[in-house]
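Chemist: Structure incoming, see below.
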Amino acid sequence: MAFLEIKDLEVYYGAINALKGISFDVEQGEIIALIGANGAGKTTSLHTISGLIPAKHGSVKFNGKELTKTPAHKIVSMGMAHVPEGRRVFAQLSVLENLTLGAYTRKDKNEINESLEHVYERFPRLKERRTQAAGTLSGGEQQMLAIGRALMSKPSIVLMDEPSMGLSPLYVNEIFDIIQEINKSGTTVLLVEQNAKKALSIANRAYVLETGKITLSGDAHELMDNDEVKKAYLGE
Amino acid sequence: MSFISNLLNGISLGSIYALIALGYTMVYGIAKMLNFAHGDIIMVGGYAAFITMAANWCPLWLSMVITVAVCTVLGVVIEKVAYRPLRSSPPLAVLITAIGVSYLLQNIALLTQTANPKTFTSIAAGAPPFLQVFSGKGAVFFKANPYQDEGLKPVLTVSMETFLAIVVSVIIMIALTLFINKTKAGRAMMACSEDRGAAQLMGINVNATISLTFAIGSALAAVAAVLMCSAYPQISPYTGSMPGIKAFVAAVFGGIGSIPGAMIGGVLLGVIEILSKFYISSQLSDAIVFMVLIVMLIVRPTGIMGKKISEKV
Numbered sequence: 030m031a032f033l034e035i036k037d038l039e040v041y042y043g044a045i046n047a048l049k050g051i052s053f054d055v056e057q058g059e060i061i062a063l064i065g066a067n068g069a070g071k072t073t074s075l076h077t078i079s080g081l082i083p084a085k086h087g088s089v090k091f092n093g094k095e096l097t098k099t100p101a102h103k104i105v106s107m108g109m110a111h112v113p114e115g116r117r118v119f120a121q122l123s124v125l126e127n128l129t130l131g132a133y134t135r136k137d138k139n140e141i142n143e144s145l146e147h148v149y150e151r152f153p154r155l156k157e158r159r160t161q162a163a164g165t166l167s168g169g170e171q172q173m174l175a176i177g178r179a180l181m182s183k184p185s186i187v188l189m190d191e192p193s194m195g196l197s198p199l200y201v202n203e204i205f206d207i208i209q210e211i212n213k214s215g216t217t218v219l220l221v222e223q224n225a226k227k228a229l230s231i232a233n234r235a236y237v238l239e240t241g242k243i244t245l246s247g248d249a250h251e252l253m254d255n256d257e258v259k260k261a262y263l264g265e
Numbered sequence: 259m260s261f262i263s264n265l266l267n268g269i270s271l272g273s274i275y276a277l278i279a280l281g282y283t284m285v286y287g288i289a290k291m292l293n294f295a296h297g298d299i300i301m302v303g304g305y306a307a308f309i310t311m312a313a314n315w316c317p318l319w320l321s322m323v324i325t326v327a328v329c330t331v332l333g334v335v336i337e338k339v340a341y342r343p344l345r346s347s348p349p350l351a352v353l354i355t356a357i358g359v360s361y362l363l364q365n366i367a368l369l370t371q372t373a374n375p376k377t378f379t380s381i382a383a384g385a386p387p388f389l390q391v392f393s394g395k396g397a398v399f400f401k402a403n404p405y406q407d408e409g410l411k412p413v414l415t416v417s418m419e420t421f422l423a424i425v426v427s428v429i430i431m432i433a434l435t436l437f438i439n440k441t442k443a444g445r446a447m448m449a450c451s452e453d454r455g456a457a458q459l460m461g462i463n464v465n466a467t468i469s470l471t472f473a474i475g476s477a478l479a480a481v482a483a484v485l486m487c488s489a490y491p492q493i494s495p496y497t498g499s500m501p502g503i504k505a506f507v508a509a510v511f512g513g514i515g516s517i518p519g520a521m522i523g524g525v526l527l528g529v530i531e532i533l534s535k536f537y538i539s540s541q542l543s544d545a546i547v548f549m550v551l552i553v554m555l556i557v558r559p560t561g562i563m564g565k566k567i568s569e570k571v
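Line by line, the protein sequences are chains S and W. Going by this note's numbering, the residue at position 177 of the first sequence is 206; the numbering climbs one at a time, nothing skipped. Going by this note's numbering, the residue at position 170 of the second sequence is 428; the numbering climbs one at a time, nothing skipped.
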């Protein structure tokens with residue numbers, strides 16, 4: 030059984046069928062990319078996996094446990110963290126408060142402090158600005174905070190929704206380097222991206238979503254050479 | 259001296275408004291709804307205190323505990339039964355439900371307690387005034403008039419009720435501020451008020467956090483009920499509606515959603531009300547209070563401590 034297994038997942042927004050029965054799986058240690066155009070259902074997939082939106086049909090199995098009936102706040106402590114689209118840091122709270130909220134489900138103070146040190150090591154800028162309100166950070170710094178906050182729950186898998194959106198090219202490269210580092214340290218990554226070229230360059234495998242259905246899947250490097258993908262998503 | 263006395267009475271009444279406004283503003287900040295039944299929780303608290311204080315078996319402290327417990331449970335139950343099923347409905351549906359709950363509580367009180375106002379015995383009944391100032395003799399604290407025999411009357415009297423309302427409110431506000439800023443549950447409340455979805459992704463149970471908010475807001479309403487009924491010793495099924503609306507005005511005045519805003523707004527409103535009652539017109543004081551709100555909404559729609567509404571690009 031796969032680490033994270035999505036089967037025949039169907040999601041509706043009212044009458045709109047946003048996901049029309051998608052299936053895919055993620056193995057431990059992989060970086061999996063979900064690519065596709067606006068409105069293809071990428072964010073919906075992630076929201077359904079982490080329990081923010083109910084599924085109409087199908088199943089999401091994580092470590093053998095069914096997630097579709099589990100409330101969102103319980104999924105975090107099972108080892109899944111979600112870096113939402115648009116970062117969604119708590120703007121009024123300080124950087125440090127944001128990070129401690131990331132460890133909300135954890136009890137051991139020493140372990141939490143250890144994780145905090147790790148996050149500060151990875152993102153020295155967050156340490157410099159720890160007392161600053163998160164809303165005053167730049168977009169790239171907020172993205173780092175959102176990622177750091179997710180890592181504070183010590184996840185075995187991180188879902189990342191458009192981490193490069195709205196960032197300058199310099200930050201985009203930095204964020205993708207960070208994603209690779211996080212993966213190398215043993216965390217599985219499910220990555221949703223519009224920047225297909227970048228996503229495919231770091232992913233092991235990828236799935237292409239089109240209006241709520243998976244139309245293509247396979248090895249990320251092979252997909253990069255696929256003519257359809259080239260034409261539709263890589264702009265070549 | 260009469261100005262100082264009026265000012266203190268205003269601060270005292272304002273502290274009570276602030277306690278009620280805190281309930282409004284916290285619920286608004288976290289559940290994103292206006293709980294118009296909040297004023298009627300005060301009324302229920304008033305009756306709970308009235309009934310238990312009249313009972314022989316019940317000492318005053320137990321009566322206070324019961325009052326707070328009744329309001330807390332009532333607030334949580336109302337949220338669960340009436341508001342939670344509408345969590346994803348349009349705000350208007352929730353607002354109308356809240357008004358419905360308000361009428362429901364009033365009518366239950368009418369049925370069980372009748373429309374006749376009852377005389378509330380102050381919790382400080384029989385206690386000497388907190389402060390009396392005599393010209394030429396100085397101030398006397400916590401004592402009955404020692405110059406009674408000489409026929410000397412105090413030029414300034416601060417009643418025990420006035421004093422209690424201010425002290426109790428200040429203690430509660432400090433405790434609440436510490437709770438919000440220093441505890442895990444408090445930070446969860448802040449997170450929920452900013453972004454409910456992101457809060458869930460942190461592992462915060464949003465439903466439990468909203469329940470906690472209603473519990474705290476209603477407990478504050480219970481305290482406000484006892485303080486208010488002690489200062490204005492009467493209770494009827496409509497006791498809660500006017501203070502409820504004024505506290506709502508105070509919350510908007512201070513910036514709805516902001517906790518320090520509710521405190522400042524409440525105290526200011528109380529002072530404005532009492533001063534305008536004394537210096538302008540006692541009939542017009544309510545009108546002046548609401549006019550202040552209108553002016554505020556024109557000049558600074560977000561309130562004194564209101565957050566700037568920034569538009570997302």
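Yeah, the Cβ is synthetic: ideal placement off N, Cα and C, and Gly gets one too. Bear in mind that the values here come from a model prediction, so they are computed numbers and not experimental data.
(1) Are the beta-carbon atoms of W:K395 and W:I493 separated by less than 8 Å?
(2) Give me the chain A residues within the contact set of S:Q121, using Cβ-Cβ distance strictly less than 9 Å, ordered along the chain.
(3) Distance cutoff 8 Å, beta carbons only. Does W:E569 sit that close to anything in chain S?
(4) My understanding is that W:G572 touches S:L81, with C-beta atoms under 8 Å, so please give their C-beta distance in whole angstroms.
(5) Would you mind telling me which residues of chain W sit closer than 9 Å to S:Y133, beta carbon to beta carbon, in chain order?
(6) Considering only residues of the region 389 to 475 of chain W, which uninterrupted alpha helix (DSSP H) runs meet the minimum length of 4 residues and lie entirely inside it, listed in chain order?
(7) When the Cα atoms are used, what is the spatial distance from W:A383 to W:P412?
(8) Find out if the Cβ-Cβ distance for the pair S:G50, S:L38 is shorter than 8 Å.
(9) Threshold first: 3 residues or longer. Then list the beta strand (DSSP E) segments lying entirely within the region 187 to 228 of chain S, N to C.
(10) Cutting at 8 Å between CB atoms, please list the residues of its own chain near S:A66, excluding the five before and the five after it.
(11) Threshold first: 4 residues or longer. Then list the alpha helix (DSSP H) segments lying entirely within the region 271 to 344 of chain W, N to C.
(12) Given the structure, does W:V398 come close to the ligand NAP, in the sense that its CB is under 7 Å from one of the ligand's heavy atoms?
(13) Check whether the Cβ atoms of W:S573 and W:L277 lie closer than 8 Å to each other.
(14) Between S:T99 and W:N465, what straight-line distance do the alpha-carbon atoms span, to the nearest angstrom?
(15) What separation, rounded to the nearest whole angstrom, lies between the Cα atoms of S:R234 and S:F205?
(16) Along chain W, in chain order, which residues have C-beta atoms closer than 8 Å to that of S:L81?
(17) Beta-carbon of S:S106 versus every beta-carbon of chain W: anything under 8 Å?
(18) Which whole-angstrom value describes the C-beta separation of W:S451 and W:E337, a residue pair presumed to lie in contact below a C-beta threshold of 8 Å?
(19) Can you confirm whether S:S182, when its beta carbon is compared against all beta carbons of chain W, has any partner nearer than 8 Å?
(20) Decide yes or no for the touch test of the region 550 to 565 of chain W against the region 516 to 524 of chain W: beta carbon pairs closer than 8 Å, at least 3 of them.
(21) Does the distance from the CB of S:V237 to the CB of W:L459 come in under 8 Å?
(22) On the CB-based measure, 16 or more other CB atoms within 10 Å of its CB, does W:I432 come out buried or exposed?
(23) Are there 16 or more other CB atoms within 10 angstroms of the CB of W:T372, so buried, or fewer, so exposed?
(24) With a CB to CB cut of under 6 Å and the five nearest residues on each side skipped, what residues in its chain are close to S:F53?
(25) Would you say S:H111 faces chain W, with C-beta separation under 8 Å as the test?
(26) Around the C-beta of S:G70, are 16 or more other C-beta atoms found within 10 angstroms, so that it is buried, or is it exposed?
(27) Report the three-state DSSP secondary structure of S:R159 (helix, strand or coil).
(28) Report the residue from W:S263, W:I324, W:I530 and W:I552 whose alpha carbon sits nearest the alpha carbon of W:F388.
(29) Can you tell me which of the three DSSP states W:G268 falls into?
(30) Short check: CB of W:P495 to CB of W:M301, under 8 Å?
(31) What is the residue span of the alpha helix (DSSP H) that W:Y361 lies within?
(32) Taking 8 Å as the threshold (C-beta atoms), are W:V481 and W:I430 in contact?
(33) For a test of the three-state rule: what should DSSP assign to S:R117, helix, strand or coil?
(34) Residues of chain W with CB closer than 7 Å to the CB of S:L130, please, in chain order.
(35) Near S:A232, what residues of its chain come up, given a Cβ to Cβ distance below 7 Å and the 5 sequence neighbours on each side ignored?
(36) Starting from the Cα of S:K85, find the closest Cα among S:D256, S:Y41 and S:S193 and give me that residue.
Modeler: The short version:
(1) Cβ distance not < 8 Å, so W:K395 and W:I493 don't count as in contact.
(2) Absent from the structure is chain A; the protein chains it does hold are S and W.
(3) Summary for W:E569: the model assigns pLDDT 49, below 50, so the residue's position carries little reliability; its value from the coordinates is reported in the next sentence. W:E569 does not count as touching chain S.
(4) Look at the range of chain W in this structure, 259 to 571, and you will see that residue 572 of chain W is not part of it.
(5) Proximity of chain W to S:Y133 at the Cβ level (cut-off 9 Å) is accounted for by K442, R445, A446, A449, A457, M460, G461 and I462, in chain order.
(6) 418 to 440, 442 to 452 and 454 to 459, all fully within the region 389 to 475 of chain W.
(7) Their Cα atoms are separated by approximately 20 Å.
(8) Yes, they are a contact pair.
(9) List check, beta strand (DSSP E) in window: 217 to 222.
(10) The beta carbon of S:A66 is closer than 8 Å to those of Q223, E239, A261 and Y262 in its chain, skipping five residues each way along the sequence.
(11) Secondary structure within the region 271 to 344 of chain W: the alpha helix (DSSP H) runs of 4 or more consecutive residues, fully enclosed, are 296 to 312 and 318 to 336 (chain order).
(12) As presented, the structure is devoid of all ligands, the ligand NAP included, so that no description of it is given.
(13) Since the displayed chain W opens at 259 and closes at 571, residue 573 of chain W lies outside it and no answer follows.
(14) Those two C-alpha atoms are separated by around 14 Å.
(15) Their backbone Cα atoms lie some 16 Å apart in a straight line.
(16) Among the residues of chain W, those whose CB is under 8 Å from the CB of S:L81 are G455, Q458 and L459, following chain order.
(17) Output row for S:S106: interface = yes.
(18) The pair is not a contact, with the Cβ atoms about 15 Å apart (cut-off 8 Å).
(19) Yes, S:S182 counts as interfacial toward chain W.
(20) Yes, the region 550 to 565 of chain W is in contact with the region 516 to 524 of chain W.
(21) The Cβ atoms of S:V237 and W:L459 lie no closer than 8 Å to each other.
(22) Counting Cβ neighbours within 10 Å, W:I432 comes out exposed, since fewer than 16 surround it.
(23) Under this definition W:T372 is an exposed residue.
(24) Cβ neighbours of S:F53 beyond the five flanking positions: I35 and Y236.
(25) Closer than 8 Å: yes.
(26) Its Cβ being crowded by 16 or more others within 10 Å, S:G70 is buried.
(27) Correct three-state label for S:R159: coil.
(28) When only C-alpha atoms are compared, the closest one is W:S263.
(29) For W:G268, the secondary structure class from DSSP, reduced to helix, strand or coil, is helix.
(30) A contact, by the Cβ cut-off of 8 Å.
(31) P349 to Q371 is the span of the alpha helix (DSSP H), which, as asked, contains W:Y361.
(32) Result yes, Cβ atoms of W:I430 and W:V481 sit closer than 8 Å.
(33) S:R117: coil per DSSP, three-state reduction.
(34) When 7 Å is used as the limit between beta carbons, S:L130 is near these residues of chain W: R445, A449 and M460, in chain order.
(35) Within the same chain, S:A232 has close Cβ partners I60, I61, A62, L220 and A249.
(36) The alpha carbon of S:K85 has as its nearest neighbour, out of S:D256, S:Y41 and S:S193, the alpha carbon of S:Y41.
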